[in-house]
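According to the numbering used here, the residues represented by the sequence shown are 1 to 145, in order.
Think of the CB as a built atom: it goes at the ideal place given N, C-alpha and C, for glycine as much as any other residue.
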Amino acid sequence: MSASFGLKEVSAAYSRMRGYVHRTPVFTSHNINVLAGTQLYMKAENLQKTGSFKARGACNAVFLEKERNPNSPGVVTHSTGNHGQAVAYAAKCAGLPCSVVVPKDTPKVKCDAIREYGAELVYCQPTPTSSLSCRALWEAAAKKS
1 MSASFGLKEV SAAYSRMRGY VHRTPVFTSH NINVLAGTQL YMKAENLQKT
51 GSFKARGACN AVFLEKERNP NSPGVVTHST GNHGQAVAYA AKCAGLPCSV
101 VVPKDTPKVK CDAIREYGAE LVYCQPTPTS SLSCRALWEA AAKKS
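Pasting the structure below:
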(Lines of atoms letter the chains of each structure in order from A and count residues from 1; the text may use other names and numbers.)
(Lines give C-alpha, C1' and ligand atoms only; values in the text may rest on other atoms or scores of the structure.)
Protein backbone atom coordinates (compact mmCIF):
# COMPACT_ATOMS: atom_id res chain seq x y z
CA MET A 1 0.00 0.00 0.00
CA SER A 2 1.47 3.36 -0.97
CA ALA A 3 1.26 6.46 1.18
CA SER A 4 -1.40 8.98 0.18
CA PHE A 5 0.77 11.90 1.19
CA GLY A 6 4.13 13.31 0.27
CA LEU A 7 6.47 16.19 0.97
CA LYS A 8 3.80 18.75 0.02
CA GLU A 9 1.40 17.43 2.66
CA VAL A 10 4.13 17.14 5.30
CA SER A 11 5.19 20.74 4.64
CA ALA A 12 1.57 21.90 4.87
CA ALA A 13 1.16 20.07 8.19
CA TYR A 14 4.34 21.68 9.52
CA SER A 15 3.12 25.14 8.49
CA ARG A 16 -0.26 24.47 10.07
CA MET A 17 1.10 23.51 13.49
CA ARG A 18 4.19 25.71 13.66
CA GLY A 19 3.97 27.91 16.72
CA TYR A 20 1.75 25.43 18.55
CA VAL A 21 4.23 22.60 19.10
CA HIS A 22 7.82 22.58 20.31
CA ARG A 23 10.86 21.75 18.21
CA THR A 24 12.03 18.99 20.51
CA PRO A 25 15.69 18.01 20.77
CA VAL A 26 17.28 14.88 19.36
CA PHE A 27 19.74 13.01 21.55
CA THR A 28 22.30 10.29 20.98
CA SER A 29 24.03 7.99 23.42
CA HIS A 30 27.46 6.52 22.83
CA ASN A 31 26.73 3.53 25.10
CA ILE A 32 23.42 2.72 23.39
CA ASN A 33 25.06 3.09 19.98
CA VAL A 34 27.74 0.59 21.01
CA LEU A 35 25.13 -1.87 22.27
CA ALA A 36 23.06 -1.48 19.09
CA GLY A 37 26.04 -1.56 16.78
CA THR A 38 24.75 1.48 14.92
CA GLN A 39 24.10 5.19 15.39
CA LEU A 40 20.69 5.76 17.03
CA TYR A 41 18.84 9.05 17.45
CA MET A 42 16.24 9.64 20.15
CA LYS A 43 13.66 12.40 19.74
CA ALA A 44 12.65 13.80 23.14
CA GLU A 45 8.93 14.04 22.47
CA ASN A 46 8.25 13.77 26.18
CA LEU A 47 9.19 17.48 26.17
CA GLN A 48 6.43 18.25 23.66
CA LYS A 49 3.26 20.21 24.48
CA THR A 50 0.94 17.91 26.45
CA GLY A 51 3.91 15.61 27.17
CA SER A 52 3.88 13.43 24.06
CA PHE A 53 4.30 13.36 20.29
CA LYS A 54 0.52 13.16 19.94
CA ALA A 55 0.26 16.95 20.05
CA ARG A 56 1.71 17.06 16.53
CA GLY A 57 -0.92 14.85 14.94
CA ALA A 58 -3.75 16.33 16.96
CA CYS A 59 -2.81 19.90 16.01
CA ASN A 60 -2.56 18.97 12.35
CA ALA A 61 -5.92 17.16 12.35
CA VAL A 62 -7.83 19.78 14.34
CA PHE A 63 -6.34 22.74 12.46
CA LEU A 64 -7.10 21.00 9.16
CA GLU A 65 -10.72 20.52 10.31
CA LYS A 66 -10.95 24.24 11.12
CA GLU A 67 -9.32 25.13 7.78
CA ARG A 68 -11.73 22.94 5.79
CA ASN A 69 -14.78 23.75 7.89
CA PRO A 70 -14.55 27.21 9.53
CA ASN A 71 -17.99 26.68 11.11
CA SER A 72 -17.09 23.29 12.57
CA PRO A 73 -19.19 22.45 15.64
CA GLY A 74 -16.08 21.03 17.30
CA VAL A 75 -14.21 17.78 17.70
CA VAL A 76 -14.88 14.52 19.52
CA THR A 77 -12.43 11.76 20.36
CA HIS A 78 -12.04 8.78 22.65
CA SER A 79 -8.98 8.45 24.85
CA THR A 80 -7.73 7.50 28.27
CA GLY A 81 -4.87 9.95 28.29
CA ASN A 82 -2.28 11.44 25.93
CA HIS A 83 -4.42 11.51 22.79
CA GLY A 84 -7.31 13.15 24.63
CA GLN A 85 -5.01 15.77 26.10
CA ALA A 86 -3.50 16.46 22.68
CA VAL A 87 -6.89 16.84 20.95
CA ALA A 88 -8.16 19.05 23.78
CA TYR A 89 -5.03 21.22 23.49
CA ALA A 90 -5.35 21.49 19.71
CA ALA A 91 -9.06 22.33 19.92
CA LYS A 92 -8.34 25.04 22.48
CA CYS A 93 -5.67 26.52 20.18
CA ALA A 94 -8.08 26.37 17.22
CA GLY A 95 -10.95 27.87 19.20
CA LEU A 96 -13.14 24.78 18.75
CA PRO A 97 -15.23 22.98 21.35
CA CYS A 98 -13.92 19.54 22.26
CA SER A 99 -15.48 16.50 23.87
CA VAL A 100 -13.39 13.53 24.96
CA VAL A 101 -15.09 10.22 25.64
CA VAL A 102 -13.28 8.43 28.47
CA PRO A 103 -13.96 5.16 30.24
CA LYS A 104 -15.40 5.82 33.70
CA ASP A 105 -12.40 4.10 35.31
CA THR A 106 -9.86 6.48 33.72
CA PRO A 107 -7.49 7.79 36.42
CA LYS A 108 -8.50 11.18 37.83
CA VAL A 109 -5.11 12.72 37.00
CA LYS A 110 -5.66 11.90 33.31
CA CYS A 111 -9.21 13.31 33.34
CA ASP A 112 -8.01 16.46 35.09
CA ALA A 113 -5.27 16.96 32.48
CA ILE A 114 -7.77 16.64 29.62
CA ARG A 115 -10.23 18.97 31.35
CA GLU A 116 -7.49 21.57 31.96
CA TYR A 117 -7.29 22.11 28.20
CA GLY A 118 -10.98 22.98 28.17
CA ALA A 119 -12.47 19.73 26.93
CA GLU A 120 -15.77 18.35 28.11
CA LEU A 121 -15.46 14.80 29.43
CA VAL A 122 -18.09 12.23 28.50
CA TYR A 123 -17.87 9.07 30.58
CA CYS A 124 -18.65 5.62 29.20
CA GLN A 125 -18.34 2.04 30.35
CA PRO A 126 -14.79 0.66 30.02
CA THR A 127 -15.63 -1.58 27.06
CA PRO A 128 -14.90 -1.09 23.35
CA THR A 129 -18.60 -1.37 22.44
CA SER A 130 -19.62 1.27 24.97
CA SER A 131 -16.85 3.61 23.85
CA LEU A 132 -17.86 3.41 20.19
CA SER A 133 -21.58 3.79 20.95
CA CYS A 134 -21.01 6.78 23.20
CA ARG A 135 -18.73 8.45 20.66
CA ALA A 136 -21.22 7.90 17.83
CA LEU A 137 -24.06 9.40 19.89
CA TRP A 138 -21.92 12.39 20.85
CA GLU A 139 -20.83 13.02 17.25
CA ALA A 140 -24.44 12.83 16.07
CA ALA A 141 -25.51 15.34 18.72
CA ALA A 142 -22.67 17.70 17.76
CA LYS A 143 -23.73 17.64 14.10
CA LYS A 144 -27.27 18.67 15.06
CA SER A 145 -26.08 21.74 16.99
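- According to DSSP, residue pairing for E120 in a beta bridge involves S99.
- In the same chain as A44, and ignoring 5 residues on each side of it, the C-beta atoms closer than 8 Å to its own belong to T24, P25, V26, F27, in chain order.
- Rounded to the nearest whole angstrom, the C-alpha separation of N71 and G57 is 21 Å.
- The beta carbons of Y89 and A55 sit about 6 Å from each other, so the pair counts as a contact at 8 Å.
- When the beta-carbon positions are compared, A61 and V87 come within less than 9 Å of each other.
- Contact between T80 and P103 holds: their C-beta atoms lie close to 6 Å from each other, under 8 Å.
- Sixteen is the threshold: when 16 or more other Cβ atoms of the shown chains lie within 10 Å of the Cβ of A119, as they do, the residue is buried.
- Comparing alpha-carbon positions, the option among N82, A94, Q48, T77 lying closest to N69 turns out to be A94.
- If you ignore the 5 residues before and after S99, its C-beta comes within less than 6 Å of the C-beta of V76, E120, V122, W138, all in its own chain and listed in chain order.
- Runs of the alpha helix (DSSP H) spanning 4 or more residues and lying entirely within the region 44-121 occur at 54-68, 82-94, 108-116, in chain order.
- In the structure shown, R23 adopts coil according to DSSP, grouped into three states.
- Closest in alpha carbon position to G84, among C111, L64, T127, E65, is C111.
- Distance between G74 and Q39, taken at the CA atoms: about 43 Å.
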